[in-house]
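Chains as they are written, first to last, in our numbering: chain A, 1 to 451; chain B, 1001 to 1451.
Cβ coordinates follow ideal geometry from the N, Cα and C atoms, glycine included.
Since the model is a prediction, treat every value here as computed from it, not as a measurement.
There are 2 protein chains.
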Amino acid sequence: MTTREEALAGLGRIVLSTDPDVTASYGFDQSRFTDRATPPIVLAPTTTVEVAECLRVAAEQGWTVVPRGAGTGLSGAANGAADAVVLSTHRMRSIVSIDPVERLAVVQPGVVTGDLRAAVAEQGLFYPPDPGSVAISTIGGNVATNAGGMCCVKYGVTGDFVLGLEVVLADGRVLRTGRRTAKGVAGYDLTRLFVGSEGTLGVVTEVTVRLLPAPREPLTLVATFGTLAAAGEAVAAITASGVSVSMLEIMDRTTLRAVDRMARMGFDDDTAAMLLVQSDAPDAAAVLADVEKACVGAVDVAIGEDPAEGTQLLEARRLALPALEQLGDWLLDDVCVPRSRIVDLIDHIEAVAADEQLTIGVFGHAGDGNMHPTIIYDESDPASRAGALRAFDRITRHALDLGGTITGEHGVGRLKKDWLARELDDTSMAVHRAVRSALDPEGRMNPGNVF
Amino acid sequence: MTTREEALAGLGRIVLSTDPDVTASYGFDQSRFTDRATPPIVLAPTTTVEVAECLRVAAEQGWTVVPRGAGTGLSGAANGAADAVVLSTHRMRSIVSIDPVERLAVVQPGVVTGDLRAAVAEQGLFYPPDPGSVAISTIGGNVATNAGGMCCVKYGVTGDFVLGLEVVLADGRVLRTGRRTAKGVAGYDLTRLFVGSEGTLGVVTEVTVRLLPAPREPLTLVATFGTLAAAGEAVAAITASGVSVSMLEIMDRTTLRAVDRMARMGFDDDTAAMLLVQSDAPDAAAVLADVEKACVGAVDVAIGEDPAEGTQLLEARRLALPALEQLGDWLLDDVCVPRSRIVDLIDHIEAVAADEQLTIGVFGHAGDGNMHPTIIYDESDPASRAGALRAFDRITRHALDLGGTITGEHGVGRLKKDWLARELDDTSMAVHRAVRSALDPEGRMNPGNVF
Chain A
1 MTTREEALAG
11 LGRIVLSTDP
21 DVTASYGFDQ
31 SRFTDRATPP
41 IVLAPTTTVE
51 VAECLRVAAE
61 QGWTVVPRGA
71 GTGLSGAANG
81 AADAVVLSTH
91 RMRSIVSIDP
101 VERLAVVQPG
111 VVTGDLRAAV
121 AEQGLFYPPD
131 PGSVAISTIG
141 GNVATNAGGM
151 CCVKYGVTGD
161 FVLGLEVVLA
171 DGRVLRTGRR
181 TAKGVAGYDL
191 TRLFVGSEGT
201 LGVVTEVTVR
211 LLPAPREPLT
221 LVATFGTLAA
231 AGEAVAAITA
241 SGVSVSMLEI
251 MDRTTLRAVD
261 RMARMGFDDD
271 TAAMLLVQSD
281 APDAAAVLAD
291 VEKACVGAVD
301 VAIGEDPAEG
311 TQLLEARRLA
321 LPALEQLGDW
331 LLDDVCVPRS
341 RIVDLIDHIE
351 AVAADEQLTI
361 GVFGHAGDGN
371 MHPTIIYDES
381 DPASRAGALR
391 AFDRITRHAL
401 DLGGTITGEH
411 GVGRLKKDWL
421 ARELDDTSMA
431 VHRAVRSALD
441 PEGRMNPGNV
451 F
Chain B
1001 MTTREEALAG
1011 LGRIVLSTDP
1021 DVTASYGFDQ
1031 SRFTDRATPP
1041 IVLAPTTTVE
1051 VAECLRVAAE
1061 QGWTVVPRGA
1071 GTGLSGAANG
1081 AADAVVLSTH
1091 RMRSIVSIDP
1101 VERLAVVQPG
1111 VVTGDLRAAV
1121 AEQGLFYPPD
1131 PGSVAISTIG
1141 GNVATNAGGM
1151 CCVKYGVTGD
1161 FVLGLEVVLA
1171 DGRVLRTGRR
1181 TAKGVAGYDL
1191 TRLFVGSEGT
1201 LGVVTEVTVR
1211 LLPAPREPLT
1221 LVATFGTLAA
1231 AGEAVAAITA
1241 SGVSVSMLEI
1251 MDRTTLRAVD
1261 RMARMGFDDD
1271 TAAMLLVQSD
1281 APDAAAVLAD
1291 VEKACVGAVD
1301 VAIGEDPAEG
1311 TQLLEARRLA
1321 LPALEQLGDW
1331 LLDDVCVPRS
1341 RIVDLIDHIE
1351 AVAADEQLTI
1361 GVFGHAGDGN
1371 MHPTIIYDES
1381 DPASRAGALR
1391 AFDRITRHAL
1401 DLGGTITGEH
1411 GVGRLKKDWL
1421 ARELDDTSMA
1431 VHRAVRSALD
1441 PEGRMNPGNV
1451 F
């Protein structure tokens, strides 16, 4: 067996650093309240062959491995763990090919999602997934968490656009899943097994994504409501009407006030909630007219005359998290409930905020029932930290009670590891562990995550 | 340990029959050239609890188990195997609930797909998957094969509409996968792992499906072409134009002649191919006008004035398989190639037909590249049988050479078991086996299938 030094020497320039001053910044993502550690080694391969080499060396040396994209995750899945080597995909940022005829692209995992969207748009094509981090997160990370975004109400999540993967397994074997054709049922859907597996089954080294023709520029509607219930009724009515919206977002009073404080948008203090709706359908104007009819309890409804005006109307939504960040330290939750239970969830969150004397802003993807309660607290105050955690737990618990899930699009990571067993039952947990062991018997991929 | 007789007595009325005269008809599906056997026992449970009881008894008795839907499969995945008990889901045909607000339905596996489509349509909802067998096949079977249909070019396949499953594992444990919310990433996507697994991982006992608002009645366009190449160019142009069609089907000369012989539709003998195109978009008339422009090489283009006329125009497509069946025994293939390679595939099939002196009709889902070459042969003539098999192999081989897959929507079953290892590599086959073993260590579910 080679020594650690020999192993590192063998890996050569793949080794980014072993200097804690450098590796420390590869030891955490954007989550709060999650365990983290400075990685002893950061590896940064550029090719599949180099990733395989990394994992073979790791297997030989008995290292555990944390795969890492851009570190923009919100659940700690890319956090460093004691003695775990970090494998960063940031040097693997090539768009290998874009095929406009078959409408697919092949990319390395380190490609920034927004860059891919821009590159395919140049060819009149559309890669829908648009997580909030779209400008800074990478395709590999999006695949690892099955990232969503505002597009999901019409277009679905990342996994809906992944046709195939190349993955390096824990022992260094290279697995190809999926296909380049529109359909195919040869064998198990291993592609979907890896999507959302948060780095616990292997390292994704290439992604084949399905593309759509570029949609029309959307038209935008903004509606404000004096009560949360009225906004909730509008969401239900829009959904029930069956009109095809490409965005259906909600912001609550706390979030609106924070945005107003930041950008002076002139929101009335009486505004309890705002809905932001888009349609990119051929009959978008008719769709938004139907949406307006569904907003019976609205105080005010504004429809952008053209796409540019829509961009202005959306500004408030885009500022939601930055504005809440101004209020203090923040803990961002990501629960998803049946669409009809959104008001119940937000009501509960407001009660929790009052009870714990915390500011909690709520915004999110109303069309999917996927909400992001953002708890503002003071990191330096133990009592405030404890209150934030209690609020987080109460909200997550309530989402489950409403028939929802603990995570709509951010993943389990370290943040919700304890919660997974509360959502799933013993049989499901046992099957998860069995599948994991089948692919990584020694449990060396992303230890301490998800399970 | 209980004896076989005691075990059967314990199962009571779950045992449908042990009489070979009765069980024989549960020993095969609609495939040709696949191994089959008369099952010693057919079990027909009505509830999840009874399915679990069946699998516990099977585990105790050492029986292998073939799960069976309606037996309409085309790859032999529901064929009986020596000593394997058949577990039929035909008594599990309850639509448990339809939720128009959350737009989902919960159904037992034995529900006929067409019945579910009709039931949700009554509430203004739409379950898109429409395999050719839609009037006779069941949701459970559709889930097992990840069935497709003519809807896929716009709406996707069965798996795209499955939110969650209840599955009884080989040892009798009941596993729940997925969720009732629009999004969710808690744990691995076990739902998709079971979809398309052809009964090799467990028995699906309940399916939660996602529904859409009912679409508009589609408008239909039919175009005929003097050469296959001209039809292929039209498919490429339609795809490249990015217009949203909800159906894009092709039929070749052999199929058209067979349909004409059956129904006297007056097709010109010079017609080499026909495209059938639908749009259910709000701007369907404009979409079909664009499609007509894309059909530059067409001999004739007809657009239905209204949905009723569209139904008439579609008649030829609906008669494709029945008409080919009139010509003799048939072996139906199901390959999928990149959309741009359809003409290459059909050209090759015509050459194979000439070479082997066989009639081979080709029809299929041009929008997905998913073709159904239908080889006509004489079951009673060994030379004809051998020729049909050679043709089948040559076509499947060519689909792989074109970057396609051995099966677009029918599944591997027994028919293409040997082909799976030619599409997948050794690592993929090893991972498939490892996943299978993780869930069914004794290999008792649907032995001799897929692998």
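Among all the DSSP beta bridges, which residues are the ones paired with Q278 (chain A)? For the purposes of this step, residue 278 (chain A) is taken as residue 278 along the first sequence, with counting starting at 1. Paired residue(s): A:T220, A:M247.
At a Cβ threshold of 8 Å, is H348 (chain A) touching chain B? One-based indexing of the first sequence puts residue 348 (chain A) at position 348. It does not: the Cβ of H348 (chain A) has no partner Cβ on chain B nearer than 8 Å.
Identify, in the order they occur along the chain, each residue of the same chain with its Cβ nearer than 6 Å to the Cβ of W1063 (chain B), setting aside the five sequence neighbours on each side. For the purposes of this step, residue 1063 (chain B) is taken as the residue at position 63 of the second sequence. These residues qualify, in order along the chain: V1085.
According to the neighbour-count rule (16 or more other Cβ atoms, all chains shown, within 10 Å of its Cβ), is Q278 (chain A) buried or exposed? One-based indexing of the first sequence puts residue 278 (chain A) at position 278. Label assigned to Q278 (chain A): buried.
Would you decide whether P441 (chain A) is buried or exposed? Buried here means 16 or more other CB atoms lie within 10 Å of its CB. For the purposes of this step, residue 441 (chain A) is identified with residue 441 of the first sequence, where counting begins at 1. P441 (chain A) is exposed by the Cβ-count criterion.
Contact criterion: CB-CB distance below 8 Å. Does E409 (chain A) meet it with respect to chain B? Translated into positions along the first sequence, residue 409 (chain A) becomes position 409. So yes, E409 (chain A) belongs to the interface.
Does the Cβ of E1198 (chain B) have 16 or more other Cβ atoms within 10 Å, making it buried, or fewer, making it exposed? Against the second sequence, residue 1198 (chain B) aligns to sequence position 198. Buried, since its Cβ has 16 or more Cβ neighbours within 10 Å.
Which residue comes first and which comes last in the beta strand (DSSP E) that contains Y377 (chain A)? In the first sequence, residue 377 (chain A) corresponds to position 377, counting from 1. Counting along the chain, the beta strand (DSSP E) containing Y377 (chain A) begins and ends at 370 to 377.
Between the region 1396 to 1408 of chain B and chain A, which residues of the former have a C-beta closer than 8 Å to a C-beta of the latter? G1403, G1404, T1405, I1406, T1407, G1408
Helix, strand or coil for A1230 (chain B)? Go by DSSP, reduced to three states. As a first step, residue 1230 (chain B) must be located in the second sequence, where it is residue number 230. Reduced to three states, the DSSP call for A1230 (chain B) is helix.
When we look at the beta-carbon of S246 (chain A) and count the other beta-carbons within 10 Å, is it buried (16 or more) or exposed? Residue 246 (chain A) sits at position 246 when you count from the first residue of the first sequence. It counts as buried.
Give a yes or no on whether the minimum CB-CB distance between C1152 (chain B) and chain A is below 8 Å. Here residue 1152 (chain B) is taken as the residue at index 152 of the second sequence, counted from 1. Yes, C1152 (chain B) lies at the interface with chain A (some Cβ there is under 8 Å from its Cβ).
H1365 (chain B): first and last residue of the uninterrupted beta strand (DSSP E) it sits in: On the second sequence, residue 1365 (chain B) is found 365 positions in, with the first residue counted as 1. That run of the beta strand (DSSP E) goes 1359 to 1365.
Using 8 Å as the threshold, is the C-beta distance between V1185 (chain B) and G408 (chain A) below it? Sequence index remark: in the second sequence, residue 1185 (chain B) carries index 185 (1-based). Sequence index remark: in the first sequence, residue 408 (chain A) carries index 408 (1-based). Their beta carbons are under 8 Å apart, which means V1185 (chain B) touches G408 (chain A) by this criterion.
Along chain B, which residues have their Cβ under 7 Å away from the Cβ of P213 (chain A)? Position 213 of the first sequence, counted from the first residue, corresponds to residue 213 (chain A). Going along chain B in sequence order, the residues near P213 (chain A) (Cβ under 7 Å) are G1242.
I'd like to check one pair, C1054 (chain B) with L1016 (chain B): are the Cβ atoms closer than 8 Å? The residue given as residue 1016 (chain B) occupies position 16 in the second sequence. The residue given as residue 1054 (chain B) occupies position 54 in the second sequence. No. Outside cutoff.
Length of the line joining the Cα atoms of M150 (chain A) and M1001 (chain B): Reading the first sequence from its first residue, position 150 is the one you call residue 150 (chain A). Reading the second sequence from its first residue, position 1 is the one you call residue 1001 (chain B). If I take the Cα positions, the gap works out to 57 Å.
Measuring CB to CB, does F33 (chain A) end up less than 8 Å from L327 (chain A)? The residue you call residue 33 (chain A) lines up with position 33 of the first sequence. The residue you call residue 327 (chain A) lines up with position 327 of the first sequence. No, the Cβ-Cβ distance between F33 (chain A) and L327 (chain A) is not below 8 Å.
Going by DSSP, which residues form a beta bridge with F225 (chain A)? Taking the first sequence and counting its residues from 1, the one referred to as residue 225 (chain A) is at position 225. Per DSSP, A:A273, A:A298.
What do you reckon, are the CB atoms on R1004 (chain B) and Q1061 (chain B) nearer than 8 Å? Here residue 1004 (chain B) corresponds to residue number 4 of the second sequence, with the count starting at 1. Here residue 1061 (chain B) corresponds to residue number 61 of the second sequence, with the count starting at 1. Yes, the pair counts as a contact, with Cβ atoms nearer than the cut-off.
Taking T1208 (chain B) as part of the beta strand (DSSP E), name the residues at either end of that continuous run. Translated into the one-based positions of the second sequence, residue 1208 (chain B) becomes position 208. 1203 to 1210 is the span of the beta strand (DSSP E), which, as asked, contains T1208 (chain B).
Could you check what DSSP says for S241 (chain A) in three-state terms: helix, strand or coil? Walking along the first sequence from the start, residue 241 (chain A) turns up at place 241. It is helical.
Run through chain B and tell me which residues come within less than 7 Å of H486 (chain A), C-beta to C-beta. This structure cannot settle anything about residue 486 (chain A), because the visible part of chain A is limited to 1 through 451.
E1305 (chain B): which of B:I1406, B:V1435, B:E1217 sits nearest, CA to CA? The residue you call residue 1305 (chain B) lines up with position 305 of the second sequence. Nearest option by C-alpha distance: B:E1217.
Apart from the five residues just before and just after L1420 (chain B), which ones in its own chain have a Cβ nearer than 6 Å to its Cβ? Within the second sequence, numbered from 1, the residue matching residue 1420 (chain B) stands at position 420. So the list reads V1412, once near-sequence residues are dropped.
Along chain B, which residues have their Cβ under 9 Å away from the Cβ of R414 (chain A)? Within the first sequence, the letter at position 414 stands for residue 414 (chain A). Near R414 (chain A) there are no residues of chain B at all, since even the closest Cβ is about 14 Å away, more than 9 Å.
Flag K1417 (chain B) as yes if its beta-carbon sits less than 8 Å from any beta-carbon of chain A, otherwise no. Position 417 of the second sequence holds residue 1417 (chain B). No, because no Cβ of chain A sits closer than 8 Å to the Cβ of K1417 (chain B).
E6 (chain A) by DSSP, collapsed to three states: which one? Within the first sequence, numbered from 1, the residue matching residue 6 (chain A) stands at position 6. Residue state, collapsed to three classes: helix.
Cβ closer than 9 Å: which chain A residues qualify as neighbours of S1428 (chain B)? Walking along the second sequence from the start, residue 1428 (chain B) turns up at place 428. Under the 9 Å cutoff, chain A gives L175, R176, T177, G187, L190.
Count the C-beta pairs between the region 77 to 93 of chain A and the region 42 to 58 of chain A that are closer than 8 Å, then say yes if the count reaches three, no if not. yes
Can you find a CB in chain A that lies within less than 8 Å of the CB of S1197 (chain B)? Along the second sequence, read from residue 1 onward, the residue named residue 1197 (chain B) stands at position 197. For S1197 (chain B), the answer is yes, since a Cβ of chain A falls inside 8 Å of its Cβ.
Quick check on DSSP: helix, strand or coil for T1200 (chain B)? Within the second sequence, the letter at position 200 stands for residue 1200 (chain B). Residue state, collapsed to three classes: coil.
Establish whether the CB of A236 (chain A) and some CB of chain B are separated by less than 8 Å. Stepping through the first sequence from its first residue, residue 236 (chain A) is reached at position 236. Cβ-Cβ to chain B under 8 Å: yes for A236 (chain A).
Any beta carbon of chain B sitting closer than 8 Å to that of V101 (chain A)? In the first sequence, residue 101 (chain A) corresponds to position 101, counting from 1. Chain B, which has a Cβ nearer than 8 Å to the Cβ of V101 (chain A), makes this yes.
Could you check which residue in B:R1436, B:P1373, B:L1402, B:A1391 has the C-alpha nearest to that of H1410 (chain B)? As a working note, residue 1410 (chain B) is residue 410 in the second sequence. Per the Cα distances, B:P1373.
Can you check DSSP and say which residues form a bridge with A1445 (chain B)? The count along the second sequence starts at 1 and reaches residue 1445 (chain B) at position 445. Going by the sequence as given, residue 1445 (chain B) is Met instead of Ala. Partner(s): B:V1065.
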